[in-house]
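Notes to accompany the following structure.
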Amino acid sequence: MKLSRIALAGGVAASTVLLVAGPAAAHVSVQPVGEAAKGGYATLNFKVPNERDQASTVKVEVNFPADHPLSSVTPQAVPGWKITIDKSKLDKPLDVHGKKITEAVSKVTWTADDGEIAPGYFQQFPVSVGALPEDADQLVFKAIQTYDNKEVVRWIEEPEAGGDEPDSPAPVLKLTAAAEDGHGGAAGDDHKAADSDAPTGKSSTAASSSSDTTARTLGIIGIVIGIAGVAFGVLAGRRRSA
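Under our numbering, think of the first position of the sequence shown as 3, with each following residue one higher.
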């Protein structure tokens, strides 16, 4: 009985911590999968929690920064949600791989279609974006959350450096230093290194041949050891019989 009371008290205390800490951290946020390197591409997760006890979230709008337009924005399908993409003309076209981009995504909207974010739950909305700007340390995505009781919460307040967090902060994506290959990863350098080591394919062939020879040698040694073990076992058995 005493243990049950202790467990019950612990559970109540834990619930209280969650209830107290929940509202302070329960706001729309954005996090990259891995890193969001300047000049590279990344997958972003917009995390939307439900802050209401008697209403469900049925619509989420994310506005993309106009001061740093992204040439590529591709949302991932989310079961139970319909996706709408709005684009706007750019005052200054973007040059992407020699191609002029005259418009960019300005907003992505997810509307519940046989789906919702119920009280006590959250939903993530993944989006692949790029190329991330090289002349910025962060990107601000202003978001609007709509509940099924018609309540609208605007997560649009930009946080100030060194200041307190606003009541309705906008999701902020922190950008990391540009990768060595300039494409959000060092894979390009790895490929270059491989090409310089084997420009005609001879080095890779030699390495493969060396690996095969080593494998065969180890295999033969293993067979010899196995035969020796069997022979030793047979001799030992004969000695016991004698």
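For each residue, glycine too, the CB sits at the ideal point set by N, CA and C.
Inter-residue CB distance, V64 and F124 (contact presumed, cutoff 8 Å):
By 1-based counting over the sequence shown, the position of residue 64 is 62. By 1-based counting over the sequence shown, the position of residue 124 is 122. The beta-carbon separation of V64 and F124, rounded to 15 Å, does not stay under the 8 Å limit for a contact.
Quiz item: What whole-angstrom Cβ distance do P77 and V129 have, given they're in contact under 8 Å?
Solution: Translated into the one-based positions of the sequence shown, residue 77 becomes position 75. Translated into the one-based positions of the sequence shown, residue 129 becomes position 127. At roughly 5 Å, the Cβ-Cβ gap stays under 8 Å, so P77 and V129 are in contact.
- Query: Which runs of the beta strand (DSSP E) fall wholly inside the region 114–179 and span at least 3 residues, in chain order?
  - Reply: Listed in chain order, the complete beta strand (DSSP E) runs (minimum 3 residues) inside the region 114–179 are 124–132, 140–142, 144–149, 154–157 and 174–176.
Do three or more CB pairs link the region 80–94 to the region 137–156 at distances below 8 Å?
Contact between the region 80–94 and the region 137–156 is absent, because fewer than three Cβ pairs lie under 8 Å.
Could you tell me the boundaries of the beta strand (DSSP E) in which A44 lies?
Position 42 of the sequence shown, counting from 1, holds the residue named residue 44. In the DSSP assignment, A44 falls within the unbroken beta strand (DSSP E) covering A44 to P51.
Taking the alpha carbon of V107 as the point to measure from, which residue in S74, D137, D116 and P121 has its own alpha carbon closest? Walking along the sequence shown from the start, residue 107 turns up at place 105. The candidate whose alpha carbon is nearest that of V107 is S74.
- prompt: Going by C-alpha distance, which of L175, A181, A179 and A79 is nearest V32?
  reply: Locating residue 32 in the sequence shown gives position 30, counting from the first residue. Distance from the Cα of V32 is smallest, within the candidate group L175, A181, A179 and A79, for L175.
**Study point:** CA-to-CA distance, A172 to E160, given in whole angstroms
**Key:** To locate residue 160, count along the sequence shown from 1; it is residue 158. To locate residue 172, count along the sequence shown from 1; it is residue 170. E160 and A172: Cα-Cα distance of roughly 6 Å.
Legend entry - Environment of T59 [buried if 16+ CB atoms lie within 10 Å]: Taking the sequence shown and counting its residues from 1, the one referred to as residue 59 is at position 57. Looking at its Cβ environment, which holds 16 or more other Cβ atoms inside 10 Å, T59 is buried.
### Query
Distance, Cα to Cα, A133 vs A180?
Taking the sequence shown and counting its residues from 1, the one referred to as residue 133 is at position 131. Taking the sequence shown and counting its residues from 1, the one referred to as residue 180 is at position 178. Going by the C-alpha atoms only, they are around 11 Å apart.
Q147 versus V131 - alpha carbon distance: Along the sequence shown, read from residue 1 onward, the residue named residue 147 stands at position 145. Along the sequence shown, read from residue 1 onward, the residue named residue 131 stands at position 129. Rounded to whole angstroms, Q147 to V131 spans 21 Å at the Cα level.
Check your understanding: Can you round the beta-carbon distance between T45 and W83 to whole angstroms, since I take them to be within the 8 Å contact cut?
Key -> For the purposes of this step, residue 45 is identified with residue 43 of the sequence shown, where counting begins at 1. For the purposes of this step, residue 83 is identified with residue 81 of the sequence shown, where counting begins at 1. The pair is not a contact, with the Cβ atoms about 17 Å apart (cut-off 8 Å).
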